[in-house]
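Numbering (the working numbering), first residue to last: 2 to 211. Structure, as structure tokens:
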């Protein structure tokens with residue numbers, strides 16, 4: 002199993018449609034599986050010495066002892082079902098993706114948009130074992146975001162959207178969930194906001210600094 006999720010830095014550009022597609026999953030095991038598939042495909046494409054865009058990789062390492070995926074809930078049949086039920090999301094990254102159940106392989110071609118995204122601004126790496134013990138999908142998503150943007154700040158409304166927190170009615174509960182995710186990753190964070198309703202709103206407000 003590969004050790005790192007190689008993430009194109011351009012994916013952190015919120016103007017890039019692929020940014021939000023990367024996080025458009027509701028289940029923790031699904032986003033982890035997607036990361037594994039995209040990681041393997043990206044590394045094979047990067048390491049390929051030609052411009053060939055039809056490539057194949059084996060899924061057998063997904064079940065290896067050092068895999069960061071939960072092998073108790075993963076099966077080759079589930080991978081096939083995952084690709085079928087997430088076809089819309091996958092189509093933003095892959096022009097073609099085919100699962101060979103007999104040989105336990107995936108063959109693929111990337112979309113031109115994803116190829117351009119990969120070539121635009123280099124890569125950051127997320128150590129996959131970082132994700133292995135994470136049980137909460139919001140924390141998994143935050144770990145991916147921090148890998149693409151290792152330091153700085155994140156707008157509160159952006160995190161509400163990408164971490165799928167708008168369904169929580171109370172704003173203070175949403176903010177608590179974000180702080181909880183940072184804490185789970187052992188990342189110190191400070192949320193800056195006006196201390197009372199009469200305080201002026203500053204440029205630094207409504208942001209998480211880490």
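Idealized CB from N, CA, C, for every residue including glycine. From a predicted model like this one, the values you see are computed outputs, not experimental measurements.
Nearest candidate by alpha-carbon position, reference residue i, set the options
i	options	result
residue 105	121, 81, 29	81
residue 34	187, 77, 101	77
residue 154	68, 79, 211	211
residue 93	73, 117, 107, 172	117
residue 174	188, 189, 157	157
residue 38	17, 68, 27, 49	68
residue 46	203, 202, 8	8
residue 96	146, 168, 115	115
Alpha-carbon spacing of residue i relative to residue j, whole angstroms
i	j	result
residue 159	residue 166	10 Å
residue 43	residue 29	21 Å
residue 71	residue 24	19 Å
residue 85	residue 182	30 Å
residue 209	residue 40	28 Å
residue 199	residue 6	45 Å
residue 124	residue 90	21 Å
residue 171	residue 164	15 Å
residue 190	residue 176	12 Å
residue 74	residue 20	27 Å
residue 1	residue 119	This structure cannot speak to residue 1, because the chain is shown only from 2 to 211.
residue 195	residue 98	49 Å
residue 59	residue 100	10 Å
Residues bridged to residue i (per DSSP)
i	result
residue 126	7
residue 193	208
residue 154	210
residue 202	For residue 202, which the question treats as bridged, DSSP gives no partner whatsoever.
residue 58	107
Boundaries (first-last residue) of the beta strand (DSSP E) holding residue i
i	result
residue 208	208–210
residue 1	This structure gives no information on residue 1, because the portion of the chain shown stretches from 2 to 211.
Segment limits, alpha helix (DSSP H) that includes residue i
i	result
residue 173	172–185
residue 22	18–22
residue 34	29–48
residue 92	88–92
residue 142	138–149
Three or more C-beta pairs closer than 8 Å, one from the segment 126–143 and one from the segment 51–64: is that the case here? Look at the beta carbons and you see the segment 126–143 not touching the segment 51–64: under three pairs across the two are nearer than 8 Å.
Can at least three beta-carbon pairs, one atom from the segment 45–57 and one from the segment 107–127, be found at a separation below 8 Å? A contact exists between the segment 45–57 and the segment 107–127.
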